[in-house]
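Colleague: My questions will all concern the structure given below.
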Amino acid sequence: MSVLLQVQGLAVAYGHIDAVKEVSFELNQGEITALVGANGAGKSTTLLALSGLLRPKAGTVHFDGENITGLASHEIVRRGIVQVAEGRAILTTLTVRENLDLGAYTRRDGAGVADSLERVYDLFPVLKERTRQYAGNLSGGEQQMLAIGRALMAKPRLLLLDEPSMGLAPLLVQEIFRTLVQINKDGLTILLVEQNVRQALKISAHGYVLETGHVVLADTGARLLVDPKVAEHYLGG
Ligand SMILES: Nc1ncnc2c1ncn2[C@@H]1O[C@H](COP(=O)(O)OP(=O)(O)OP(=O)(O)O)[C@@H](O)[C@H]1O
Ligand SMILES: [Mg+2]
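Per numbering that gives the first Met the number 0: the sequence shown = residues 0 to 236.
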């Protein structure tokens, strides 16, 4: 199993607020890895630092062996690390298809882009049905599918997701998790931040638990699911 992303001693601050204090973890190529923890633990801040939207105060990030610490976000996207934004961040006044095309705007491989579009429509048939509709007219679940679809159009090597199931009805939550499993089977490495800890650990090969800016537990998803500390604090009894 080769390591795709290695984070060592990451620290990120907002002014004098230390949001991420000392975070180290690894993502294996081809695996889903879950990053879980209570509100304010530093999960989103960690993702923003990996995406290059926040600059680390300390620590290093290596992607496929290359030191990418502190690179600008467009440099990081160019290397294949793509984040599906929290709150979806789709463009509501553009159509579904236009949103998907935007995801591919840096690509020059026209045939590859067409393949990606077909795969996105396979994964989310509802997007194909609504291809000409304004994204703002989609339901919350459909908008989340579109946000994931748009990220896939960039042909990422690593997909970062910040709470993709947030605010969705239980059936849609299931559908999103099922889709992540399918995308992963295509070979894509995924870092999944989730409040829905049980579901996230179920589909993850490995998981890390964050508390107040530190990694406090690291193990396989299966072992974390039966860990008494995880059960007590994160699985709601
Ligand atoms: N823009 C900001 N300015 C100042 N402090 C911030 C900012 N964003 C987050 N923080 C603080 O940084 C810490 C980590 O926040 P972060 O959003 O990374 O946590 P999280 O684990 O994603 O939480 P949640 O589960 O609520 O999304 C918290 O103490 C939070 O209050
Ligand atoms: Mg968050």
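All residues carry an ideal CB built from backbone N, CA and C; glycine is no exception. Given the structure is predicted, the values throughout are model-derived calculations rather than measurements.
If you measure between the beta carbons of residue 137 and residue 182, is that distance less than 8 Å?
Modeller: Contact: no.
Colleague: Ligand 1 and residue 13: does the residue's C-beta get closer than 7 Å to at least one heavy atom of that ligand?
Modeller: Correct: residue 13 has its Cβ closer than 7 Å to ligand 1.
Colleague: Determine the contact status of residue 208 and residue 234, defining contact as a CB-CB distance below 8 Å.
Modeller: For residue 208 and residue 234, no; Cβs fall outside 8 Å.
Colleague: Taking the beta carbon of residue 162 as the centre, do at least 16 other beta carbons fall within 10 Å, making it buried, or is it exposed?
Modeller: When all chains shown are included, residue 162 counts as buried.
Colleague: Please confirm if the segment 139-159 is in contact with the segment 96-106, defined as three or more CB-CB distances below 8 Å between the two stretches.
Modeller: Touching, yes, given that three or more Cβ pairs across the two stretches are closer than 8 Å.
Colleague: Pick helix, strand or coil for residue 123, following the three-state DSSP scheme.
Modeller: DSSP places residue 123 in coil when its eight states are reduced to three.
Colleague: Counting only runs of 4+ residues fully inside the segment 12-85, write out the alpha helix (DSSP H) ranges in chain order.
Modeller: For the segment 12-85, whole alpha helix (DSSP H) runs of length 4 or above, ordered along the chain, are 42-49, 72-77.
Colleague: With DSSP as the reference, label residue 100 as helix, strand or coil.
Modeller: If DSSP states are grouped into helix, strand and coil, residue 100 belongs with the helices.
Colleague: Contact between the segment 199-219 and the segment 14-33 is defined here as three or more beta-carbon pairs at a separation below 8 Å; is this criterion met?
Modeller: The segment 199-219 is in contact with the segment 14-33.
Colleague: Per the DSSP calculation, residue 2 is bridged to which residue(s)?
Modeller: BP columns for residue 2 point to 27.
Colleague: Could you please give the first and the last residue of the uninterrupted beta strand (DSSP E) stretch that includes residue 188?
Modeller: 188-192 is the span of the beta strand (DSSP E), which, as asked, contains residue 188.
Colleague: I'd like to know whether the C-beta atoms of residue 60 and residue 68 end up nearer to each other than 8 Å.
Modeller: Yes, they are a contact pair.
Colleague: Can you have a look at residue 169 and say buried or exposed, based on whether 16 or more other CB atoms are within 10 angstroms of its CB?
Modeller: Classification for residue 169: exposed.
Colleague: Per DSSP, residue 146 is paired with what?
Modeller: Bridge partners of residue 146: none, in fact.
Colleague: What separation, rounded to the nearest whole angstrom, lies between the Cα atoms of residue 226 and residue 96?
Modeller: About 43 Å.
Colleague: Just to check, is the beta-carbon of residue 206 closer than 7 Å to a non-hydrogen atom of ligand 1?
Modeller: No - ligand 1 has no heavy atom lying nearer than 7 Å to the Cβ of residue 206.
Colleague: If you draw a straight line from the C-alpha of residue 213 to the C-alpha of residue 176, how long is it?
Modeller: Whole-angstrom Cα-Cα distance: 26 Å.
Colleague: Less than 6 Å between C-beta atoms, sequence neighbours within five positions excluded: which residues of the same chain meet that for residue 71?
Modeller: Taken in chain order, the residues that qualify are 51.
Colleague: What are the complete alpha helix (DSSP H) segments, minimum 4 residues, inside the segment 150-192?
Modeller: Taking only runs of at least 4 residues, the alpha helix (DSSP H) segments lying wholly in the segment 150-192 are 169-184.
Colleague: Let me check you understand the geometry: is the CB of residue 42 closer than 7 Å to at least one non-hydrogen atom of ligand 1?
Modeller: At least one heavy atom of ligand 1 is nearer than 7 Å to the Cβ of residue 42, so yes.
Colleague: Is the beta carbon of residue 161 within less than 7 Å of some heavy atom of ligand 2?
Modeller: Yes, the Cβ of residue 161 comes within 7 Å of a heavy atom of ligand 2.
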